Amino acid sequence: MPKIKLSQRTIETVRNICASFDNQEGELINVLHEAQHKLGYLPAEVQELVAKELNMPVAKVYGVVTFYSFFNMLPQGEFPISVCMGTACYVRGAEQILHELKRQLNIEVGQTTPDGKFSLNCLRCVGACGLAPVVMVGEKVYGRVSPQQVRKIIADYQEGLIKAEKHEM
Amino acid sequence: MADYKMHLLVCGGTGCKASESEQIKENLLAEVERNGLSGEVQVVMTGCFGFCEKGPIVKVLPDNTFYVQVKPEDAGRIVSEHALKGRPVEDLLYRDEHDLPISDSKHMEFYKKQVRIALRNCGFINPENIDEYIARDGYAALAKCLSEMTPEEVVKEIKLSGLRGRGGGGFPTGLKWEITARSVADQKYVVCNADEGDPGAFMDRSILEGDPHSVIEAMAICGYCTGSTKGLVYIRAEYPLAIQRLKTAIKQAREYGLLGQEIFGSSFSFDISLRYGAGAFVCGEETALIHSMEGLRGEPTFKPPFPSESGYLGKPTTVNNVETFASVPVIINKGASFFNNIGTEKSKGTKVFALAGKINNVGLIEVPMGTTLREVIFDIGGGIKGGKKFKAVQTGGPSGGCLTNSFLDTPIDYDNLISAGSMMGSGGMIVMDEDDCMVSIAKFYLEFTLDESCGKCTPCRIGNKRLFEILDKITKGLGTEEDLSRLRSLCKVIKDTSLCGLGQTSPNPVLSTLDNFYDEYLAHVKDHKCPAGQCKSLVRYNIDSEKCTGCTLCFRNCPVGAITGEKRSAHFIDNSICIKCGVCYDKCKFDAVSVS
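The following block contains the structure:
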């Protein structure tokens with residue numbers, strides 16, 4: 651992974667987050683949640699900083715980040731797309747939707763499009779099983795999606811009809 | 002709710018919100034104001050009504066009119082017709098199988114057989130207003146415990162009620178509380194497990210979104226019984242709405258003195274804070290959950306010691322599921338005998354199920370223990386979508402199994418489900434029809450387990466991987482009959498030797514499908530055929546040139562351009578391009594597309 655240099659502002663942000671949890675080791679997961687919420691993802695450099703602030707080994711921070719699927723170490727697209735792979739969605743054709751998304755975006759699960767616009771992930775059940783199959787773009791939930799609809803959803807975002815929320819980094 | 006003449010309740014569950022229920026509420030509010038009814042009609046956003054299939058839902062009180070699939074632009078008619086002129090908007094009413102409109106939800110098949118205890122307030126109150134909870138006996142149970150009962154008496158009442166853990170295991174709740182109460186320590190904890198990870202189960206989320214105070218009240222009662230002053234809710238970060246409502250509820254409870262120091266003037270103090278999960282299924286296991294709350298990787302540890310003796314930070318900890326907690330205030334208010342009169346001999350009370358999959362009425366239901374699968378699927382659930390044939394119902398999520406036709410009349414309770422080769426789990430019920438391939442379903446669950454296995458113990462980490470590989474081989478048509486016996490013996494080893502519940506139950510989907518659908522496995526390995534036509538390596542789509550009219554419908558719908566042909570002449574599928582999505586098969590009106 652290429653080394654990145656954190657801006658002074660990012661360093662401050664991370665330090666403040668750690669301090670707001672009293673730099674307690676036991677608050678690691680809460681710190682990471684907050685950091686990812688503010689920064690969008692958790693690159694190695696941020697993990698090193700968190701480890702330093704909480705006075706714990708980087709390996710332990712890395713161990714936690716990689717254990718939980720909610721944490722990302724790579725930047726997500728401007729519009730993160732998640733396909734629900736819960737059972738209800740699966741039996742109502744989520745696999746076809748995923749296939750169609752991969753084909754349209756020309757990326758695999760876990761990747762981001764070269765223009766940085768879309769990233770593709772699977773998630774396990776958002777609990778909107780009544781609307782299966784479900785696709786989430788950012789926080790917006792699309793229900794009863796058909797493979798034919800996929801193209802339109804992507805187009806809406808591509809044409810800038812829907813705006814993204816910005817992260818600082 | 003006293004001064005208003007009419008209440009318009011709008012469903013604010015995740016499903017309905019995704020279908021613009023927020024906008025419906027806004028529009029209703031604007032219409033109410035425009036018609037000068039602000040003092041008489043109240044618009045409330047409630048928790049989930051349960052009937053997600055027909056969402057978004059708007060309910061009108063006092064006459065109990067139930068509007069389904071409401072659109073934001075319908076707000077005007079609801080206010081001008083119903084609120085002003087007092088006549089229901091006919092075309093928004095639910096229609097039964099004979100297409101007759103039903104106005105009162107009490108008369109709908111979906112609600113008739115339900116008994117709501119844990120869900121008693123969902124869809125009735127505004128979850129963000131503590132007064133509405135209090136108006137429906139909220140915090141009365143806590144007051145009763147603190148002023149009239151000793152902790153031992155409360156534990157006795159819970160034991161007597163027969164309440165068992167609703168998260169899946171079914172451990173007697175009263176006994177759990179008693180063990181923590183007996184443990185001696187300077188600090189004890191009450192933990193609410195809201196890390197609902199079973200794909201297809203969303204009852205905990207709905208309770209937290211629709212009635213967060215019931216959980217808070219029960220946690221305080223548990224704290225009183227066990228001698229704990231601190232409560233923690235471990236909740237999935239993927240449930241932002243539930244988190245927000247829970248936070249609001251905790252804040253309100255503190256303001257009312259229902260959390261904090263010396264509650265109701267007693268010597269009992271209790272407060273609650275939140276901990277967030279981060280997407281790890283194994284954290285539903287209580288020891289793993291506790292490690293995660295401590296900021297560590299959520300890996301389980303060997304029991305004993307049980308958390309009731311040594312849990313969070315090494316202190317005695319009671320861990321209960323959301324639904325379990327939500328049932329507690331009712332038991333205290335109405336008495337143990339009210340609760341234990343419902344249900345079967347060993348499973349008392351009611352259970353919430355999330356009905357999903359190929360069923361007409363997807364939604365959240367609560368029925369007495371002992372209700373049969375047939376009643377749930379065909380009466381409440383309204384049968385199988387598209388008039389197809391019922392094939393199986395999967396209960397218990399990745400730890401459960403698939404039950405067939407022959408189990409339809411089995412009363413549902415903890416023990417019957419286990420002897421049928423499945424389990425209660427948290428209450429997800431996924432219905433499958435004739436188009437679902439059971440080998441693929443088993444593979445799907447294994448893939449989930451593989452992803453979620455924490456990797457600590459070998460049988461689960463490596464064993465499940467091998468199981469998955471064998472299943473993958475079978476779905477690709479490369480399996481042999483020996484593989485089937487290999488599957489069985491490997492399943493047994495994994496079950497017997499895994500460290501925690503995740504590994505001990507992960508082979509269940511494989512075993513139950515092997516037991517109930519052996520023929521289907523045989524068809525895959527012997528004839529290299531997938532009877533359901535789902536295993537893509539084993540199917541080919543063809544167009545019958547005799548039947549094809551050249552209507553071009555398949556050509557226009559094919560997402561990959563694999564179909565060629567001129568208008569009004571037979572079309573062809575190029576199988577080297579075809580992704581086997583089946584759209585052509587579904588779209589063809591002339592039955593010309595066949596699967597082989």
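Heads up: the protein sequence lines correspond to chains D and V, in order. So for the first sequence, the numbering used here puts the first residue at 651; every next one is plus one. So for the second sequence, the numbering used here puts the first residue at 2; every next one is plus one. Cβ coordinates follow ideal geometry from the N, Cα and C atoms, glycine included. Predicted model only: the values in this text are computed from it and were never measured.
CB contact check: residue i to chain D, cutoff 9 Å
i, result
"Met2/V", "No answer about Met2/V holds up, because its pLDDT of 44 lies below 50 and its placement is not dependable."
"Ala19/V", "yes"
"Asn127/V", "no"
"Asp604/V", "Here chain V has residues from 2 to 597 only, and residue 604/V is not among them."
"Ala355/V", "yes"
"Lys626/V", "This structure cannot speak to residue 626/V, because chain V is shown only from 2 to 597."
"Arg206/V", "yes"
"Glu263/V", "no"
"Cys226/V", "no"
"Tyr446/V", "yes"
"Val191/V", "no"
"Glu286/V", "no"
Any C-beta of chain V under 9 Å from that of residue i
i, result
"Asn673/D", "no"
"Glu677/D", "yes"
"Gln746/D", "yes"
"Leu682/D", "yes"
"Met735/D", "yes"
"Arg665/D", "no"
"Val784/D", "yes"
"Ala694/D", "no"
Same chain only: Cβ atoms within 6 Å of residue i, ignoring 5 sequence neighbours per side
i, result
"Arg104/V", "Going by the sequence as given, residue 104/V is Ser instead of Arg. Closer than 6 Å at the Cβ level, and outside the excluded window around Ser104/V, lie Thr66, Pro89 and Leu94."
"Lys474/V", "Gly480"
"Met2/V", "Unreliable positioning characterises Met2/V in this predicted model, as indicated by a pLDDT of 44, which lies under 50. A coordinate reading is not provided."
"Lys347/V", "Asp416"
"Thr230/V", "Ser270 and Phe271"
"Leu62/V", "His8"
"Thr498/V", "Pro460"
"Lys160/V", "Gly175"
"Ile624/V", "Outside the displayed span of chain V (2 to 597) sits residue 624/V, for which this structure offers no information."
"Phe449/V", "Pro399"
"Ile578/V", "Val561 and Ala563"
Coil, strand or helix - residue i by DSSP
i, result
"Lys790/D", "strand"
"Ser670/D", "helix"
"Met2/V", "Legend: pLDDT at Met2/V = 44, less than 50; position of this residue unreliable, no value from coordinates given."
"Asp272/V", "strand"
"Gly502/V", "helix"
"Gly266/V", "helix"
"Ala136/V", "helix"
"Met204/V", "helix"
"Val90/V", "coil"
Distance between beta carbons of residue j and residue i, contact taken as under 8 Å
i, j, result
"Gly278/V", "Ser293/V", "7 Å"
"Asn321/V", "Thr174/V", "6 Å"
"Cys458/V", "Leu500/V", "4 Å"
"Glu675/D", "Leu699/D", "Wrong, their Cβ atoms sit about 15 Å apart, outside the cutoff."
"Ile217/V", "Leu260/V", "7 Å"
"Gly344/V", "Glu54/V", "With 8 Å as the limit, Gly344/V and Glu54/V do not qualify as a contact, their Cβ atoms being about 27 Å apart."
"Met433/V", "Ile442/V", "7 Å"
"His214/V", "Gly139/V", "6 Å"
"Glu110/V", "Ile381/V", "7 Å"
"Asn36/V", "Ser81/V", "7 Å"
Chain-order list of residues whose beta-carbon lies under 7 Å from that of residue i (same chain, five-residue window excluded)
i, result
"Phe265/V", "Ala144, Leu147 and Ser148"
"Pro693/D", "Ile654 and Met723"
"Ala820/D", "Nothing about residue 820/D can be read from this structure; chain D reaches only from 651 to 819."
"Leu30/V", "Val44"
"Pro308/V", "Glu287, Thr288, Ile291, Thr318 and Val320"
Own chain, CB closer than 8 Å to residue i, minus 5 neighbours either side, in chain order
i, result
"Lys767/D", "Gly727, Glu728, Phe729, Tyr807 and Gln808"
The ligand SAH heavy atom lying under 8 Å from the CB of residue i
i, result
"Ile58/V", "No copy of the ligand SAH occurs in the structure displayed, which carries no ligand at all."
Exercise. Do the stretch 177 to 194 of chain V and the stretch 370 to 384 of chain V meet, that is, are 3 or more Cβ pairs less than 8 Å apart?
Worked result: Flag = no, the stretch 177 to 194 of chain V and the stretch 370 to 384 of chain V do not touch.
Problem set entry | Segment contact flag, the stretch 423 to 442 of chain V with the stretch 386 to 403 of chain V, C-beta cutoff 8 Å, min 3 pairs | With the cut-off at 8 Å, the stretch 423 to 442 of chain V and the stretch 386 to 403 of chain V touch.
Exercise. Counting pairs of Cβ atoms below 8 Å between the stretch 236 to 246 of chain V and the stretch 272 to 286 of chain V, do you hit three or more?
Worked result: Yes: at least three Cβ pairs fall under 8 Å.
Exercise. Can we say the stretch 525 to 545 of chain V touches the stretch 464 to 478 of chain V, given the rule of at least three CB pairs closer than 8 Å?
Worked result: Output reads yes: the stretch 464 to 478 of chain V touches the stretch 525 to 545 of chain V.
Problem set entry | the stretch 335 to 355 of chain V touching the stretch 157 to 170 of chain V, judged by at least three CB pairs closer than 8 Å | Short answer: they touch.
Exercise. Do three or more CB pairs link the stretch 755 to 764 of chain D to the stretch 704 to 714 of chain D at distances below 8 Å?
Worked result: Segments in contact, no.
Exercise. Any chance the stretch 201 to 216 of chain V sits against the stretch 178 to 189 of chain V, with 3 or more Cβ pairs inside 8 Å?
Worked result: The stretch 201 to 216 of chain V, when compared against the stretch 178 to 189 of chain V, does not touch it at the 8 Å Cβ threshold.
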